[in-house]
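Notes for the one structure printed next.
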Amino acid sequence: MKNGKPSGSTKKKKILIVDDHPLLRVGIARVIDQQKDMTVCGEAEDGPGGLAAVAKCKPDAVIVDISLEFGTGLDLIRDVRAHHPETAVLALSVHHENLYAERAIRAGAKGYVMKREPVDNVLAALRKVLQGHMAVSENVIGRIVAQGGSGKTTDKTGGGSIQVEALSNRELEVFRLLGTGLGTREIASRLGVAISTVETYRAGIKRKLGLANNSEVLCQAARFVANEPID
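Below is the structure:
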């Protein structure tokens with residue numbers, strides 16, 4: 042090993058990419074395959090496919106997009122942790138860490154990186170999780186430690202927007218999707234659940250956020266998405 046980098050004879054770490062955007066998968070794969078210490082062993086576009094790919098290629102680490110077209114990245118992270126605890130997971134998302142980082146870590150991810158981060162930052166985070174270290178900001182670690190492992194998250198988007206810490210992971214995802222304009226049937230298809238299940242989540246959202254009716258849920262969801270920070 043020279044200058045902290047593996048020698049050419051060192052076996053490359055295998056990386057699996059799970060993201061529902063083909064171009065992004067291609068871009069990440071190209072960058073990883075150019076590294077001397079890593080190689081891409083497979084790709085998947087959704088949760089079920091990702092879990093099957095983990096079982097098939099046995100990667101050292103998985104890069105998981107939080108918002109998949111079918112299912113959710115949080116569910117996949119939890120499944121990987123349960124069935125393949127030896128595999129490190131790096132969550133990759135367009136969402137600000139204030140919204141999903143704590144949830145991803147509690148689900149079993151070792152790191153969280155926003156897609157807008159420079160490539161070098163993504164690679165650095167990937168190497169950290171491969172070494173067994175956490176790859177999240179000090180701000181996220183501080184919040185988790187302050188909560189003492191209570192499991193309660195503190196999702197805040199600032200700017201007077203609604204607080205969503207009371208929502209479960211699935212309720213938060215339904216709330217966000219409602220805010221993007223998707224209907225109940227579309228959300229059910231995207232998450233791979235029954236329409237009645239989405240309606241149950243919506244009822245839970247309404248109750249936990251103290252909203253009077255579905256119209257208020259939609260209004261607050263749209264405001265939430267509009268106020269979501271991106272940097």
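Residues in the sequence shown are numbered from 42 upward in steps of one, following our numbering. The beta-carbon is built from N, C-alpha and C at its ideal position, and this holds for glycine as well. Values in this document were obtained by computation on a predicted structure and should not be read as measured data.
Asp74 burial status per 10 Å Cβ neighbour count (16 or more: buried):
exposed
Using the Cα positions of Arg264 and Thr221, report the straight-line distance between them to the nearest angstrom.
10 Å
Can you give the beta carbon distance from Lys249 to Ala207, rounded, assuming they're within the 8 Å contact cut?
4 Å
Is Met175 closer than 8 Å to Gly152 when the C-beta atoms are compared?
yes
Counting along the chain, where does the beta strand (DSSP E) carrying Gly68 start and finish?
Not the beta strand (DSSP E): Gly68 falls in the alpha helix (DSSP H), residues 63-74.
Grab me the residues of Ile118's own chain with a C-beta within less than 7 Å of its C-beta, minus the 5 sequence neighbours each way, in chain order.
Val105, Val130, Ala132, Ala145, Ala148, Gly149, Ala150
Could you tell me which residues DSSP pairs with Tyr153 in its beta bridges?
Ala132
So for Ala145, helix, strand or coil by DSSP?
helix
Is Thr51 buried or exposed, if buried means 16 or more other CB atoms sit within 10 Å of its CB?
exposed
Three-state secondary structure (DSSP) at Thr281?
The requested residue 281 is not part of the displayed model; the chain covers only 42 to 272.
Mind checking Val160: buried by the 16 CB within 10 Å criterion, or exposed?
exposed
Among Ile69, Pro63, Leu64, Leu65, the one whose alpha carbon lies nearest that of Ile56
Ile69
List the DSSP bridge partners of Leu57.
Gly83, Val103
Compare the beta carbon distance of Met79 and Lys97 with 8 Å and say whether it is the shorter of the two.
no
Could you check the C-alpha separation between Val67 and Glu86 for me, to the nearest Å?
12 Å
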